[in-house]
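Numbering (our numbering), first residue to last: 394 to 616.
Just so it is clear, CB atoms sit at the ideal spot from N, CA and C, and this is done for glycine as well.
As the structure is a prediction and not an experimental result, all values here were calculated from the model.
Comments concern the structure below.
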Amino acid sequence: MEFPDRVGVMILGNGHLFPQAMLPLFIFEPRYRTMLAESLESHRMFCLAMKRPDVSGERPCEFAGLGVVRVAVKNPNGTSNLILQGLTRVRLGKALQTRPYRIHRIEAVESEVAETLVADALVGRTLDLVDARLRLQHALPPAVLTQLVGEPGDQPIRIEDCLEALRRVDDPGALADLIATLLLPDPMMRQIILQTVNVEERLRHLVHFLVGEVSRAAKGSDT
């Protein structure tokens, strides 16, 4: 798929769009209504970026997710509900316009593929930590269940079912992205995963964050 060299950018305080993720969005601000309308009239793509926490004003982080609008439903009051599918990581370049919404030049960023024993070991450690984290969560988050095994049926979904679904993801980078989307609550953690191009380094960050999440969950279960 060819990507445009410039797109509109939607900035959220805690929003991220990873490749292949399906993100429901509610578009209500006038500027983003305009952005969506113009996107739908052309390539149907725009970026979702996290707001930079270190500067005043609304500035996007350098790394963002480029997505394509798969479904959009316009409501009678002018708002829209849509599903945005992540396509690729991008690096935001020069801002070509800032009003009514931002348009930036973009550069698609491909992950640096890792097929090494180190990556395999990190994947194993990651899955062990996911197992521990889910077992400390007395009720599995609905988003985790739906993303991994589909809508729950009559039979309860086990943690083992979720782990088996994760083991079927054969791309270590995609696995890291999926786990970050589902299990990392802190926006900056997810941003670090998003902007880490090297897959081994991405997995190392994920392991570090999951160790902290397991520790916090364990302390919470003891209180």
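- Within its own chain, the residues whose Cβ lies closer than 6 Å to the Cβ of R445, once the five positions on either side in sequence are excluded, are R452, C454, listed in chain order.
- The beta carbons of I499 and L459 sit closer together than 8 Å.
- Residue environment: T574 is assigned as buried (16 or more neighbouring CB atoms within 10 Å of its CB, all protein chains considered).
- M443 sits in a strand when the DSSP states are folded into three classes.
- At least 8 Å separates the beta-carbon of M428 from that of G406.
- Annotated three-state conformation of A465 is strand, per DSSP.
- Here DSSP, grouped into helix, strand and coil, assigns R595 to helix.
- The residue from L410, E431, M443 with its alpha-carbon nearest to that of I404 is M443.
- Remark: C-beta atoms of E606 and R526 approach each other more closely than 8 Å.
- The continuous alpha helix (DSSP H) containing A512 extends over residues 510-529.
- For the pair of segments examined, the segment 558-567 was found not to touch the segment 484-494: the number of CB pairs separated by less than 8 Å stays below three.
- Using a Cβ distance threshold of 8 Å, V592 and V506 count as a contacting pair.
- If you draw a straight line from the Cα of N470 to the Cα of I585, it comes to about 37 Å.
- In the DSSP assignment, A488 falls within the unbroken beta strand (DSSP E) covering 473-490.
- The three-state reading of DSSP puts F456 in strand, counting E and B together.
- For R498, the enclosing beta strand (DSSP E) starts and ends at 495-502.
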